[in-house]
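Heads up: take any position in the sequence shown, counting from 1, add 41, and you land on our numbering.
Just so you know, even glycine gets a beta-carbon here, dropped at the ideal spot from N, CA and C.
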Amino acid sequence: EHITGPQWWTDYQIVSYQIKSKRGSRAEFQAMAHACRAVGVKVIVDIVINHMSGIDSGSGVDGSTFTHHNYPGIYQHSDFHHCGLTPNDAIVDFGNEAQVELCQLVNLADLNTESEYVRQRLATHLNDVLSLGVDGFRIDAAKHIAPASVLNILGRLSRKVYITQEIVDTTSRFPNLHTSAGDVQEFRFAYGLLDAFQNSGISSLTNLNNRGWLASGQANVFVANHDTERGGSSLSYKSGNNMYTLGHVFLLAFPYGTPTVHSGFSFSDTN
42 EHITGPQWWT DYQIVSYQIK SKRGSRAEFQ AMAHACRAVG VKVIVDIVIN
92 HMSGIDSGSG VDGSTFTHHN YPGIYQHSDF HHCGLTPNDA IVDFGNEAQV
142 ELCQLVNLAD LNTESEYVRQ RLATHLNDVL SLGVDGFRID AAKHIAPASV
192 LNILGRLSRK VYITQEIVDT TSRFPNLHTS AGDVQEFRFA YGLLDAFQNS
242 GISSLTNLNN RGWLASGQAN VFVANHDTER GGSSLSYKSG NNMYTLGHVF
292 LLAFPYGTPT VHSGFSFSDT N
């Protein structure tokens, strides 16, 4: 369950672990997952385990009430990081490991994932989602969770599933920290495609997998995702000269990483 609002990013501000969103109910989600499985399609859920909401108080789409660091029946103030390293506990230096893992990302209440209670609560949520017919997770904001905590939580899953982790970085430092837990989304692949098609020329793609990035067996690659197509850091459906389609042809043919094809929608408002 997430905060109310029409914007796409409200989905990433959690208020409870009830399987209810503006897209539908728990039963509808389970029916969708089973229908997909019946025809050989596996469902990977974009899961949020780093944080809860980023607002002072409110109610979720299913009526759950909350304040920034208190979610009745789930979490209280002591279940969150209060890093004390920066003003308002906000991440200021995205290259500082302590800030990245312990402080708040854009005011999102940062869960204390070193806590045994929080780890078990998150694992219970993940196992509940798995019980509905899911076959994997994309861990949102995985960069902001200590690698040991990610491994600990995933070690409590009822069965082994595909894992990919969102770690936005232009260096190898943070991605390399998380490879033990599963695949890592290699954002530099998307950035490299954008540069090749718009600046350097497609001949530069011949050495795309020899740039010191993640090993092929650890990388989840893509042309664009919901963030990059709005921020302009990747190709998008708005790219001219058929670049977006050609980028996907390259993605699916080039022998590097596990490819993900993003299917979004046309928009004029990035929210």
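Distance between beta carbons of residue j and residue i, contact taken as under 8 Å
i      : j      : result
Gln54  : Leu149 : 7 Å
Asn261 : Thr220 : That belief does not hold up - the Cβ atoms of Asn261 and Thr220 are roughly 11 Å apart, past 8 Å.
Gly174 : Ala74  : 3 Å
Ile85  : Arg179 : 6 Å
Gln145 : Leu126 : Not quite, the Cβ-Cβ distance comes to about 10 Å (not below 8 Å), so this is no contact.
Gly223 : Thr247 : At roughly 29 Å, the Cβ-Cβ gap does not stay under 8 Å, so Gly223 and Thr247 are not in contact.
Phe238 : Met284 : 5 Å
His92  : Asp130 : With a Cβ gap of about 12 Å, His92 and Asp130 do not count as contacting.
Environment of residue i [buried if 16+ CB atoms lie within 10 Å]
i      : result
His118 : exposed
Lys83  : exposed
Thr154 : buried
Lys201 : exposed
Asp18  : Because the chain in this structure spans residues 42 to 312, residue 18 falls outside the shown range and cannot be described.
Arg197 : exposed
Phe70  : buried
Ala189 : exposed
Gly233 : buried
Ala182 : buried
Glu270 : buried
Asp120 : buried
Tyr158 : exposed
Asp310 : exposed
Ser172 : exposed
Asp134 : exposed
Val147 : exposed
Asn250 : buried
Ser244 : exposed
Ser280 : buried
Glu207 : buried
Arg160 : buried
Ser199 : exposed
Ser241 : exposed
6 Å CB neighbourhood of residue i in its chain, flanking five on each side removed
i      : result
Lys63  : Val102
Gln6   : Only positions 42 to 312 of the chain appear in the structure, and residue 6 is not among them; the question remains open.
Cys77  : Val84
Thr108 : Ser98
Cβ of residue i within 7 Å of any chain D Cβ
i      : result
Val264 : Judged by its chain identifiers, the structure shown contains no chain D, having just a single protein chain.
Close Cβ partners of residue i (< 8 Å) along its chain, the five nearest in sequence each way excluded
i      : result
Glu227 : Pro216, Trp254, Leu255, Ala260, Asn261, Val262 and Gly298
His289 : Val264 and Val302
Leu235 : Ser274, Ser275 and Leu276
Asn111 : Gln117 and His118
Ser307 : Tyr278
Ile115 : Ser57, Tyr58 and Arg162
Ser213 : Gly253, Trp254 and Leu255
Residue i: first and last residue of the uninterrupted beta strand (DSSP E) it sits in
i      : result
Asn261 : Ala260 to Phe263
Gln226 : Asp224 to Gln226
Gly177 : Gly177 to Asp181
Phe107 : Thr106 to Thr108
Gln323 : Absent from the model: residue 323. The displayed extent of the chain is 42 to 312, so no value can be given.
Pro300 : Thr299 to Thr301
Ser100 : Ser98 to Ser100
Close-in-space but distant-in-sequence residues of the same chain around residue i (CB under 7 Å, 5 per side omitted)
i      : result
Ile44  : Thr51, Gln54, Val56, Ser94, Ile96, Gly99 and Gly101
His166 : Tyr58
Asp87  : Arg179 and Asp181
Val80  : none
Leu195 : Ile204 and Ala222
Asn266 : His303
Lys61  : Glu42, Arg67, Val102 and Asp103
Ser156 : Asp120
Asn193 : Arg160
Residue range of the unbroken alpha helix (DSSP H) whose run includes residue i
i      : result
Val86  : Per DSSP, Val86 belongs to no alpha helix (DSSP H); it is in the beta strand (DSSP E), Ile85 to Val89.
Pro188 : Pro188 to Leu195
Gly288 : Met284 to Ala294
Thr165 : Glu157 to Leu171
Gly272 : Thr269 to Gly272
Met93  : Premise fails: Met93 is in no alpha helix (DSSP H) and is neither H nor E.
Leu143 : Glu138 to Leu143
Phe70  : Arg67 to Ala79
Arg214 : Arg214 to Leu218
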